[in-house]
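Numbered according to full-length UniProt numbering, the sequence shown spans residues 1 to 389.
A virtual CB, placed ideally from N, CA and C, is assigned to each residue, including glycine.
So the structure is just underneath, and the comments pick up after that.
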Amino acid sequence: MRRISVLGATGSIGCSTLDLIGRDSGAFRVVALTGGRNIARLADQARRHRAEIAVTAHDECLPDLRAALSGSGIEAAAGQAALIEAADRPADWTMSAIVGIAGLAPGLQALRQGKTLALANKESLVCAGPLLMATARAHGADVLPVDSEHSGIFQALAGQDAGAAERVVITASGGALRDWPQERLAHATVEEAGRHPNWDMGQRITIDSATLFNKAMELIETHEYFGIPPDRIEAVIHPESIVHAIVGFRDGGLLAHLGPADMRHAIGYALHWPARGDVPVERLDFARLGALTFRAPDEGRWPALRLARQVMQAGGLSGAVFNGAKEAALDAFIARRIGFSDMARVVEAAMDALSGSTAVAHNAVPDLENVRRADQLARQAAERSMAAL
Ligand code: NDP
Ligand code: MG
């Protein structure tokens with residue numbers, strides 16, 4: 001039986017992961033499940049999957065979690081140290097699906113077990129790609145991409161080194177506001193930006209899809225995970241979300257990864273890797289699909305892509321700055337403190353403000369403390385820029 005832990009179990013990716021595990025419960029033993037404020041769901045998951053321990057990130061949620069688990073024999077814990085301990089419990093396969101930089105430290109801890117980390121938390125690679133990959137190497141751990149585009153690239157490479165790729169193309173649906181006239185974007189509400197045309201995901205990544213910050217993060221993720229130079233990584237708008245990634249080889253041949261817009265494919269691929277298991281996603285019917293279309297993204301409309309290229313160029317801790325400012329701007333948008341189009345302005349202002357900072361111009365593999373400091377500086381710079389809007 002493989003021992004499984006799910007960090008961020010109560011979220012969209014976490015629920016899909018447990019859905020797959022529950023279908024094959026004889027093969028898996030659930031060790032640790034972690035969540036945030038959704039205590040009812042966390043307790044229900046822990047009972048249903050007979051987890052050893054359930055952990056909430058928030059100390060004040062512990063009494064509720066204890067009450068919900070009473071009589072079950074399942075341990076309950078709370079807080080940052082407990083999250084790290086949960087990630088440290090021996091497990092063969094750990095899903096990293098906490099949203100935001102909060103997922104970085106638990107993911108790093110899981111890697112130190114030298115087993116397999118299924119990585120949905122793209123922020124880990126954006127903020128600290130070199131640290132994450134060096135930690136995996138140092139402990140002999142495997143990192144498997146779960147983001148659909150990166151799972152697609154991984155699958156299209158079919159075991160070949162990424163150096164064999166002449167180019168990599170990742171696709172973007174364009175998000176909820178793809179077809180809006182540009183002048184309306186500034187007035188888009190949280191609800192409008194949070195309705196994804198194709199994918200059912202958490203609120204934050206759904207809004208990031210509308211700004212294309214999600215795709216911007218994925219450009220950086222591709223660069224960090226596969227070590228592919230930025231000038232060989234492209235993003236195209238593909239409204240149908242059927243082709244997730246395309247790898248082009250030096251002989252001109254291209255291998256594309258296709259699938260339905262259901263994250264259980266990429267999760268299931270990582271769960272069964274290196275074998276291929278049964279995954280209950282819809283089977284595409286090509287006779288009914290109709291046209292698959294592609295077009296260049298308008299970088300004037302979606303400045304996030306340009307900012308991602310700046311990050312890949314600058315290296316160091318600029319990814320942590322980019323992400324920290326983006327998280328702060330997204331918080332402010334969700335709280336209705338700033339408008340939709342302000343988010344990119346705020347991130348760019350924070351990046352500009354910190355571009356000369358020695359705390360950010362770090363060339364060696366940064367450690368977690370440096371990443372956290374850059375994240376904090378970025379959030380402060382973002383707040384200053386929002387105050388000046
Ligand atoms: P959700 O918002 O649905 O879930 C996030 C999870 O993280 C929940 O379990 C939440 O707990 C927990 N959480 C939130 N804040 C904290 C915190 N500060 N500390 C610890 N745990 C916390 O997100 P998604 O499932 O959509 O996304 C998860 C990750 O996967 C993200 O990095 C995202 O970019 C990535 N991803 C997601 C895809 C998708 O289809 N959803 C596709 C590709 C990548 P609670 O809800 O209980 O508060
Ligand atoms: Mg993706």
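In the structure shown, the three-state DSSP call for Met201 is coil. In the structure shown, the three-state DSSP call for Ile4 is strand. Assigned with DSSP and collapsed to three states, Phe294 falls in coil, not helix or strand. Going by beta carbons, Leu219 and Met312 fall inside the 8 Å limit.
Taking C-alpha positions only, Pro63 is separated from Ala76 by approximately 9 Å. Here DSSP, grouped into helix, strand and coil, assigns Gly114 to coil. Proximity of the beta carbon of Lys122 to ligand 1 is indicated: a heavy atom of the ligand is located closer than 7 Å.
Here the distance from the Cβ of Glu224 to the nearest heavy atom of ligand 2 is not below 7 Å.
Restricting attention to Glu299, Leu317, Ile246 and His139, the CA atom closest to the CA of Glu224 is found in Leu317. Look at Thr206 here: in three-state DSSP terms it is helix. Taking all protein chains in view, the Cβ of Met1 is surrounded by fewer than 16 other Cβ atoms within 10 Å, so the residue is classified as exposed. When DSSP assignments are scanned along the region 291-368, the uninterrupted stretches of alpha helix (DSSP H) that are 4 or more residues long and fall wholly within it turn out to be 304-314, 318-334 and 342-354. Here the C-alpha atom of Ile207 lies approximately 18 Å from the C-alpha atom of Val236. Glu75 carries a strand assignment under DSSP once its states are collapsed to helix, strand and coil.
Beta-bridge analysis with DSSP links Trp273 to no other residue.
Per DSSP, Thr171 is one residue of the beta strand (DSSP E) stretching across Ala165 to Ala172. By the C-beta density criterion, His150 is buried, having at least 16 other C-beta atoms within 10 angstroms. Phe340 and Leu389 have their C-alpha atoms some 13 Å from each other.
Short note on Asp147: C-beta closer than 7 Å to some heavy atom of ligand 2.
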